[in-house]
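A.B. asks: Could you have a look at this structure, given as structure tokens, before my questions?
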Amino acid sequence: MAKGLDKHQHRKDELNSFGKNLARRARSHCETCDASGVKLNIFEVAPIPTTPDYDDCILICDTCSEQLNNPKRIDADHWRCLNKSMWSEVAIVQVAAIRMLRLLEEKHEWAADLNEMAYLEPEVEERINKL
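According to our numbering, the sequence shown is numbered sequentially starting from 26.
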């Protein structure tokens, strides 16, 4: 059991080493909802690689983190903010935003409208479909 704990701690340490660069990239705002002045967490966008990779991580607030980790508890109104993050210059932020829009579009017309407007580079679309 200690091996598993050591691996987990090592992974957390590697992810935390991205913290300053992620904070700079995100300008200390949540990369999905743009919240500022709140605690931000490093979130690895699936599929999660064996070794942590900066390009697979986004910096998000507790609200976004809780909802991304518990899709059954999604507050759709919170995600109206995706109209900004779906146009992010950071590919992995686009991936997270479009995945959430696609999850919401069946029940929410605004999400379907946003998803329809999205223009994605082929590599971003490929990553979105990689699950």
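Just so you know, even glycine gets a beta-carbon here, dropped at the ideal spot from N, CA and C.
Do N125 and W112 have their C-beta atoms closer together than 8 Å?
C.D. replies: Walking along the sequence shown from the start, residue 125 turns up at place 100. Walking along the sequence shown from the start, residue 112 turns up at place 87. The residue you asked about is not Asn; residue 125 is Met in the sequence shown. In this structure, W112 does not lie closer than 8 Å to M125 by Cβ.
A.B. asks: Whose C-beta lies closer than 6 Å to the C-beta of L40 among residues of the same chain, with five residues either side of it excluded?
C.D. replies: Looking up residue 40 in the sequence shown gives position 15. Around L40: I67 and P77.
A.B. asks: Using beta-carbon positions only, say whether V70 and V120 come within less than 8 Å of one another.
C.D. replies: Position 45 of the sequence shown holds residue 70. Position 95 of the sequence shown holds residue 120. Cβ distance < 8 Å, so V70 and V120 count as in contact.
A.B. asks: Pick out whichever of R98, D59, I99 and P96 has its Cα sitting closest to the Cα of C86.
C.D. replies: The residue given as residue 86 occupies position 61 in the sequence shown. Taking only the C-alpha atoms, the option nearest C86 is D59.
A.B. asks: Got a sec? Which residues, its chain only, sit under 8 Å from I79 by beta carbon, not counting five neighbours each side?
C.D. replies: Taking the sequence shown and counting its residues from 1, the one referred to as residue 79 is at position 54. According to the sequence shown, residue 79 is Tyr rather than Ile. So the list reads F43, N46 and L47, once near-sequence residues are dropped.
A.B. asks: If the criterion is Cβ atoms closer than 8 Å, does the pair V149 and R50 meet it?
C.D. replies: Your numbering for residue 149 matches position 124 in the sequence shown. Your numbering for residue 50 matches position 25 in the sequence shown. No, these two residues do not count as a Cβ contact at 8 Å.
A.B. asks: Let me check one thing: in DSSP terms, what residues is F68 bridge-paired to?
C.D. replies: Mapped onto the sequence shown, residue 68 falls at position 43. Partner(s): I83.
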